[in-house]
Structure formats: structure tokens, C-alpha cells
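Data first, discussion second: the structure below is written as C-alpha cells.
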Amino acid sequence: MQKLASLLREYGRALSAFFAALGLVISSMGGLPLWVEYAKAASVQSFKDTLTDSDLSVLSKHTLSFTTNVSVTAGQTITVTFDPSTSLFTPTFSTATTTDITVTGMTLVASCGGGSDEVTVTGTGNTGSSEGYTFTVCSGDTVSAGAKTIVIGASTQLVTNPGVAASYVIRLGGTAADSGDTRVAIIDDIVVTASVNTTLTFTISGVASGSTPANGEAGTTDVTTTATAIPWGTLTPGTAKKARQDLAVTTNARNGFTVTVWQDQNLLSSTGADIDVFKDGVDGSPAAWASPTATLDSEDTYGHEGITSEDSTLAAGDTFGATLYDAVGTVSSPLSVFYHTGPANGTTADKGATKIGFKIEINDLQEAAGDYTQALTYIATPVF
Amino acid sequence: MAAYILGTIALFAPAAATAQNSSGVRIQPSLIEERALPGETFSGTIAITNLDSEAKTFYLSKRNIKGISEEGVPSFSAEGEETPYDMSSWIRLAASSALIPGKGTREVRFTVAVPVGASPGGHFAGIFASFAPPAPKETGIGVGYQVGTIINLRVVGDAHEEAGIREFRTDRKFYVAPPVKFLTRIENRGNVLVRPRGPLEVFDWFGKKVASLRVNDEGAGVFPSSDRSFETVWDGEGLMFGRYRTTMSLVYGDQEKNTISESASFWIVPLKPALWTFSILALGVLASVFLVRRHIQKKLRELGGGGALRVHRNAKGPSWFSLFLGFCFAFAVFFLAFLFFFLA
């Protein structure tokens, strides 16, 4: 028994050593190397760099704004370093260009004089490392804490952007107590299609009876629709009727298009009776088809009409799922039935073409009338 | 008692024996983006093409855009409804309707007169070519359509252009394998439309960049005082293991390019291969200990003349080193369990 216990202890130590090593590996995976980042005791606040042009390989003016917490005393420096890790910016500097560098919150001078918060500036040029500019506080002067701006390229731009699209660090440092990093995104400009060239084409097609209904509905369509009419004809209590229209959109709008639909009223007869929206007159979330509940004295439950869409990539996702129906929207809140986030060709499902299904059902309580009518309007526009 | 609703289907039956027919319209341009000074007037034309074979009358109207959803879908105000970004009242259409022959095109001129006192910033509206639904005479639905050109007008002046990152995260913290989905939500705090876009970079636990993606590369717009969500997917490649850090920087702005940045992190631990690997390694360690111990005991027996080997243990209890090993062991086990059960 002692020998067994001894054996278990030894194997336990071996496994512990193994998992200890594993634990150390996992800890380092936790980004231990990444946690050792540039940091000093005091950080500048609200540090940002605004460019005039963020395109690749172009000259741009940089306006750096920040707020320091600690004064900068005589002889101390404030440095601005562009991309400290890879130095892909191309800054230029010469004494003749100091007028192209302006500051607020301190006084930039060519040589120190009688002021109290004067700084001079030197630049490293395109040296391949620590590229940027150094502001040195003149002897006997102090730059007080507070909001500052440094504009590099105030008239003639001095810094060329990198040629690789990425996010780059702009570092504030030097021997001053305050420091900090901010980032600028350098990215190729969008090629803008001239406004006159953007087009949007919207088409509705009717579908014959006996066709496949939309969005996985069983059976076949019961009425022949046209582009501008859905004729329900005679409705039999307890028997739902289905119809379909097909939509197509062609556009070169970069961000795509949206199609919504709204009705001016419920199906309404001249007697004042109506057939309500699905389901039972309540406009809720899309749901599986159900017959109107026929609750006596509750007119909303005598009949209802719903809509579905086959587009599974609406703005809110696959809203209509597997044969789910919803109420048609109103003018103030139209229902989204077709949506795409890029150019469309008018034929590809979910991107340029879709099928819209309609379904209606009444029960014995629905008032008899021969003229239940309504107007339905599709709205098609590009997306911003 | 059965209730029958009678309808005259013939009124809605197609005139010809064709089972389907189509109706549609093309509008060009469908998107107008302009800048104007207060008091300035500019004009343009919209070309409307009737895609039907017979002539149709299209009605022209204008409506303000009162907002757009997080997915960029514009919502239009009712006629006469005021919005902070009003501009429909500035638009004059040369015609209120256009009778366009089948397959024909008609150009309609419009003029936008920006008031002298117009507020600087973004103003949005739509110009619509509408086909009115025919009025059904019997039971049924009359179907019409409105196809619109949307206008983004920036009135020059002291416009406020500011965007912020309301949210940036992955859809999970722990993955067994890609794809990794990045979710970004941008807030427009200004009064003009902004189009933030930029790089999303992924770094492994060595700090090496392993992916460079783009967020909103198409430049979709974020409406003033609104949010818009973007989704970016990284499918990954090769062997992926450990903690990953990601940095997203988006640039926006018209004359001034501002950058907004945010970081996030996530783990990828391919559990099945990891468990197999660790199990094999653990067995290997145990086997090594067993074999080494056996070898040592054999040598000691040879040296000791074959007598029994007695091992004296220090009776003071576990050493600090043992406790440290035990802690690391427990940490590794619980950490893996936490990742798997709570973050997967």
C-alpha cells in the first residue's frame, strides 16, 4: 500500500509538472507578450489625428489634438512618431518648412527668444525608424498642461501616407511626462460612380394559377395574378386561397436596394365589413398560417389575409422563414419584402429576384359581400 | 350558414391568354449626392423608362426621409410631416405626372432651391415615380408601385461630422474553429451622413498579423442620429490556436478624415485535436516516468546487490514547489473547462 501511494505521488508530480508547463503555455497564449505594450505613467487625453486625405500613398495634412496633464519644462521634448513599428509613412522636413508646422498651446519658433512657452522643431525625415518630429522646449521656458494641437503640413503637406491599407499608430512621446498612442486608418478611396449613372429597375410579374406558391407553401396557387391585380374571386369558408407575384430588381447602386409594401386599408366592402390582416386582425411577428378563429362578436376573427416573401436575406434576416405569414404594412410602417446590400441583376434569388405569396381565408361568420377591395403599393428605392 | 362572396373574375383576367404579364419602371439616377450653399439652387433631370409595352401614366411626388434603419433602409415621412432633415419643400418638379409610351423614356426636370437660412448638414428626400394601383371593382387587390430616387444633400456650413463605435465584438469569445464573426455598430452623432470604413486586423498570440479584413468596404452610410450595424467574417486558414487580438480602425469624413478605433480579443482552441494531443503527451510523460523509474531501480538493485530499495521521504509535508505545480495543474484544467463550457 505504501509502495502504491509512493507510485501515485510520483506520477502525480509528473502530471502536475506537465500541466504546469501547459498552464504556462496557456498563460502566454493569453497574450502575455501583447500585454507588454508601450505605456508611461501619464497618458494624454483625447488624442486624435485628423487627416485631409486617408488614401494610399498620397500627401496629407495631419492635425494632432491632445490634452496634456503635466507641464513640459525647459529642455524636455514632445515627439510625434509616425508608425513606430514599421515606419511606412514618409515624412519630410527641412528648416525651410517650419512654417508648414503650426501649433497651439505652445509657441513654435525657429530659434529660442524671449517668450515663455517656446519650442523649436526638428524632423527625422524618412530614416526608416522613429520617423517623425521632435518639439524641444526652449531654455527657461515651460509649456503648461492643457489642450494642444500640432498641425503638420499646414500649407505644404509634408507626410506621405503608406502604400499599404492598414491601421497605423501615431505615437506621442519624448521626455515629457505625458504620452499616448492614437490610430489612423489608411485605405484606398472608394471609386464613386457618378450620380448620373446609378439606375434602379423594378418589375412585378403576375403568376398563373396552378403554379408553385411562394416560400415553400404547399399545393399550388389558386388564382391567376397580373402585375397589377390579385383577383381573389369567390372565397369558400374554411378553404384558404393562395396567390403569388414575382419581383425583380436590377441596379448598380453600390449599397443595394430595398422593397417594402403597404396597403391602404383592409379588404373592405361597401357595406363596411372587412377582411382583416393576418392573424385575426393583429399585426404580430411572422407566424405559420392558421385559420381565423371564428370567435363570435369578434369581427377580426371572421377572416384574414397575409403575405410572405421568399427572400431569406432581408435586412432583419430570414424574417419569413419556412412559410411564415405576416400582415401587409401600412403607409407609415411598410413591410420589408425584398432587400439586398449590393448591385443586383434581376434574376438571382435573394439578390435580384424573389417571390411574394398572398393567402386569404374566411369562415362562416364573414359577412357576405361582393366587393372586398384594397390597394397595395410596393416601394423600391436604393439604400444609402 | 355558409357565406359566399361573389366576385367577377373576368374583370381581372388577363386580356390575352398569357398566364403572366409584367409591369415595371426604370429610374435614373437612383441616387443623388450633392453639396450646396445656403441660398444656392441646382437642377437636374430624372429619366423614367416605362418597361411595359403599352403607355402608362406615372405620377411624380417627393417625400422627406426621416431616418434610416440600422441596415440602411430609408423610411419616408408622410406628406407634410416635418423632419429634422427636411428638403422635400425645396424641390420643384417640372411635372406632376408623365404619360410615357410603352418602352419609352421621359426626362423630368427637378430644381432644388436651398433656403438662405437652411441649417448646415445633411438633408434627405426621395423623388418617386409612381404607378397607381387600379381600383378593383370586385373582390381583390389592386397593385401599384413607387420607385424612388433618394437624395443626400449636404448644405455647406458648420456641419457637425462625428461618428463613434457603439459596439465592436465577436459573436463568441471562444471558438473551436472559424469562421469568426465580427459585429460592429457605428453611431452617427453628427448632422450629416457619414460612411465609415476601414481595416480590421487580426493578430495571433505572438503579435503577428494573420488577417487583414475590411469593414463596410462599400461605404454604406450611417444616417444622422442613427446607428448602423456591420458584420465581417473571418474564415481563417491553416492551424489556428490560442488567443487572438483584433484591431478595427474606421475612417470617415468629407473634408477631414477622422479615424475611430476599437479592439477585441477571442480564443480559438480546436478541442478535438487539442485533447488528443494533450492526452498523447500526458501518456508519453507517464510512460517516460515509468520507464526511467524502472531503469533507475534496476541500476540501484545492481549496485545494492539485489536488496530491497527503501526510499525515505521527508515527512514535513508538501513543498512550495509541489504546491506551485499543483496550482498550475488546477489552473490549466479549470481554464480549459471554463473556455469550453462557458464561452464555446
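These protein sequences, in sequence, are chains A and B. For the first sequence, position 26 matches number 26 in my numbering, and the numbering has no gaps at all. For the second sequence, position 113 matches number 1113 in my numbering, and the numbering has no gaps at all. Glycine included, each C-beta is placed from N, C-alpha and C at the ideal position. Small disclaimer: the values here were computed from a predicted structure and weren't measured.
Cβ pair residue i, residue j closer than 8 Å
i: GLY256/A; j: ALA344/A; result: yes
i: SER144/A; j: ALA74/A; result: no
i: PHE320/A; j: PRO292/A; result: no
i: SER130/A; j: PRO84/A; result: yes
i: SER65/A; j: THR52/A; result: no
i: LEU376/A; j: VAL261/A; result: yes
i: THR1049/B; j: THR1111/B; result: no
i: VAL1155/B; j: SER1119/B; result: yes
i: GLY206/A; j: THR234/A; result: no
i: ALA42/A; j: ALA177/A; result: yes
Three-state class that DSSP yields for residue i in the structure shown
i: GLY370/A; result: coil
i: SER336/A; result: strand
i: HIS1295/B; result: helix
i: SER1261/B; result: strand
i: ASN1050/B; result: strand
i: ARG1172/B; result: coil
i: TRP232/A; result: coil
i: VAL1289/B; result: helix
i: LEU1303/B; result: helix
i: ILE1280/B; result: helix
i: SER205/A; result: strand
i: ASN388/A; result: Outside the shown range of chain A, which is 1 to 384, sits residue 388/A, and nothing can be said about it.
i: ASN126/A; result: coil
i: LYS1062/B; result: strand
i: GLU361/A; result: strand
i: TRP1205/B; result: coil
i: LYS148/A; result: strand
i: ASN252/A; result: coil
i: LEU1271/B; result: helix
i: ILE83/A; result: It is Asp, not Ile, that sits at residue 83/A in the sequence shown. Three-state DSSP puts ASP83/A in coil, outside helix and strand.
i: ASN1216/B; result: coil
Boundaries of the beta strand (DSSP E) in which residue i is found, first to last residue
i: GLY1140/B; result: 1140-1155
i: ARG1189/B; result: Segment: none, ARG1189/B is in no beta strand (DSSP E) and carries neither H nor E.
i: SER46/A; result: 45-51
i: TRP1234/B; result: 1227-1234
i: SER309/A; result: 303-309
i: TRP262/A; result: 257-263
i: TYR133/A; result: 132-137
i: THR102/A; result: 101-104
i: GLN1355/B; result: In the structure displayed, chain B extends from 1001 to 1344; residue 1355/B sits before or after that span and is not available.
i: GLY1242/B; result: 1242-1252
beta-carbon residue i near the ligand GTP non-hydrogen atom, thresh 7 Å
i: VAL259/A; result: Ligands in the displayed structure: none, and consequently the ligand GTP is not present.
Between the CA atoms of residue j and residue i - distance to the nearest angstrom
i: LEU1060/B; j: VAL1233/B; result: 42 Å
i: PRO334/A; j: SER1229/B; result: 21 Å
i: GLY1142/B; j: ALA248/A; result: 19 Å
i: THR295/A; j: THR301/A; result: 6 Å
i: GLU1237/B; j: ALA165/A; result: 21 Å
i: GLY357/A; j: SER312/A; result: 14 Å
i: THR220/A; j: ALA214/A; result: 9 Å
i: ALA1002/B; j: GLY303/A; result: Low confidence applies here, because ALA1002/B scores a pLDDT of 39, under 50, leaving its location unreliable; read the following figure in that light. C-alpha separation (whole angstroms): 13 Å.
i: ASP1171/B; j: VAL383/A; result: 26 Å
i: LEU1213/B; j: PHE1182/B; result: 10 Å
i: ASP141/A; j: SER116/A; result: 5 Å
i: LEU1031/B; j: PHE1124/B; result: 11 Å
i: PHE47/A; j: ARG183/A; result: 9 Å
i: SER332/A; j: VAL72/A; result: 59 Å
i: PRO1224/B; j: THR127/A; result: 43 Å
i: LEU56/A; j: GLY281/A; result: 57 Å
i: SER1077/B; j: GLU1071/B; result: 18 Å
i: THR228/A; j: GLY1144/B; result: 6 Å
i: LYS148/A; j: LEU108/A; result: 12 Å
i: THR81/A; j: SER1043/B; result: 48 Å
Q: Check each residue of the segment 1060-1077 of chain B: if its Cβ is closer than 7 Å to any Cβ of chain A, include it; give the result in chain order.
A: ILE1068, SER1069, GLU1071, GLY1072, VAL1073, PRO1074
Q: Please name the residues in the segment 1020-1046 of chain B whose beta-carbon is closer than 7 Å to at least one beta-carbon of chain A, in chain order.
A: GLN1020, ASN1021, SER1022, SER1023, GLY1024, VAL1025, ARG1026, ILE1027, GLN1028, PRO1029, SER1030, LEU1031, ILE1032, GLU1033
Q: Note down, in chain order, all residues in the segment 1237-1262 of chain B with a beta-carbon under 8 Å from any beta-carbon belonging to chain A.
A: PHE1241, GLY1242, ARG1243, ARG1245, THR1247, MET1248, SER1249, LEU1250, VAL1251, GLY1253, GLN1255, GLU1256, LYS1257, ASN1258, THR1259, SER1261
(Q) Output needed in chain order: residues of the segment 1175-1190 of chain B with a Cβ under 7 Å from some Cβ in chain A. (A) none
**Q.** Cβ-based contacts, 9 Å cut-off: residues of the segment 1151-1169 of chain B near chain A
**A.** ASN1152
Q: Pull out every residue of the segment 173-207 of chain A whose Cβ sits closer than 9 Å to any Cβ of chain B, in chain order.
A: THR182, ARG183, VAL184, ALA185, ILE186, ILE187, ILE190, VAL192, THR193, ALA194, SER195, VAL196, ASN197, THR198, THR199, LEU200, THR201, PHE202, THR203, ILE204, SER205, GLY206, VAL207
Q | Members of the segment 64-88 of chain A that neighbour chain B once the beta carbon cut-off is set at 8 Å | A | For the segment 64-88 of chain A, the beta-carbon criterion of a distance under 8 Å to any beta-carbon of chain B is satisfied by none of its residues.
Q: Output, in sequence order along the chain, the residues in the segment 1123-1147 of chain B whose CB is closer than 9 Å to any CB in chain A.
A: PHE1124, GLY1126, PHE1128, SER1130, PHE1131, ALA1132, PRO1133, PRO1134, ALA1135, PRO1136, LYS1137, GLU1138, THR1139, GLY1140, ILE1141, GLY1142, VAL1143, GLY1144, TYR1145, GLN1146, VAL1147
Q. Taking a cut of 8 Å between CB atoms, which residues from the segment 1223-1236 of chain B lie near chain A?
A. PHE1223
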